[in-house]
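Down below is the structure, laid out as structure tokens.
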Amino acid sequence: MKKIIIGIIIGIILGLIAMGIIVWNMMPKKMLIVRKSKFNFEETVSRLEESIYANNWEVLHIYDIGECLFAEGLDETYLRIKIISFCQPEYSYNILLDDANKKIAAIMPCRLAIYEDEQGSVFISRMNIGLMSKMFGGVIADIMQTAAEDDRKIVADLIE
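Numbered by the numbering used here, the letters in the sequence shown go through residues 558 to 717 in order.
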């Protein structure tokens, strides 16, 4: 009987370790959504900006990461990478109104990355807000789920 109990405990521990390894390896793939754009780099950036406004969000800033790196002499090749930082003021306000929720500001505002690979293909990368929302409760989860739906709408007409 004692051997059976020890075997069960060892099985549970090994199962938990295996599950932890699987989750650890899968999370990076699940936390980011990367889709190929139908358009060239500049067209993708322009259309995303238009789509953000059309979906009642505000573009806060467009960061030209490639230009920044090139200007600093960090690469011989200009990398085509831009990040669009955008916000839906009502969503943000409703989350940040409660002091307990202000910690979430560390991952605000939303961002989309647009980059071109060495073959000239253009991709849009974004955080999986829907999956991330499951880690929170209450108003944060509710608003993040709505933001995830908006996020899908913003990129829908641009991705293959």
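We put the beta carbon where it would ideally sit given N, CA and C, even for glycine.
As the structure is a computational prediction, the values presented were derived from the model and not from experiment.
- Distance from residue 601 to residue 681 at the Cβ level is roughly 7 Å; contact confirmed, criterion being Cβ atoms closer than 8 Å.
- Only exposed fits residue 581, as fewer than 16 other CB atoms lie within 10 angstroms of its CB.
- For residue 650, the enclosing alpha helix (DSSP H) starts and ends at 646 to 653.
- In the same chain as residue 646, and ignoring 5 residues on each side of it, the C-beta atoms closer than 7 Å to its own belong to 615, in chain order.
- Around the beta carbon of residue 594, a 10 Å sphere encloses 16 or more other beta carbons of the protein chains shown; the residue is thus reported as buried.
- Between residue 712 and residue 658, the C-beta gap is not smaller than 9 Å, which leaves the two residues out of contact.
- If you draw a 10 Å sphere on the C-beta of residue 625, you find fewer than 16 other C-beta atoms in it, and that means exposed.
- Distance from the CA atom of residue 620 to the CA atom of residue 566, rounded to whole angstroms, is 52 Å.
- Of the residues assessed, residue 679 falls on the buried side of the cut-off, its CB having 16 or more other CB atoms within 10 angstroms.
- Rounded to the nearest whole angstrom, the C-alpha separation of residue 694 and residue 578 is 26 Å.
- For residue 610, the enclosing alpha helix (DSSP H) covers residues 598 to 611.
- Going by DSSP, residue 709 is part of the alpha helix (DSSP H) stretching over 695 to 713.
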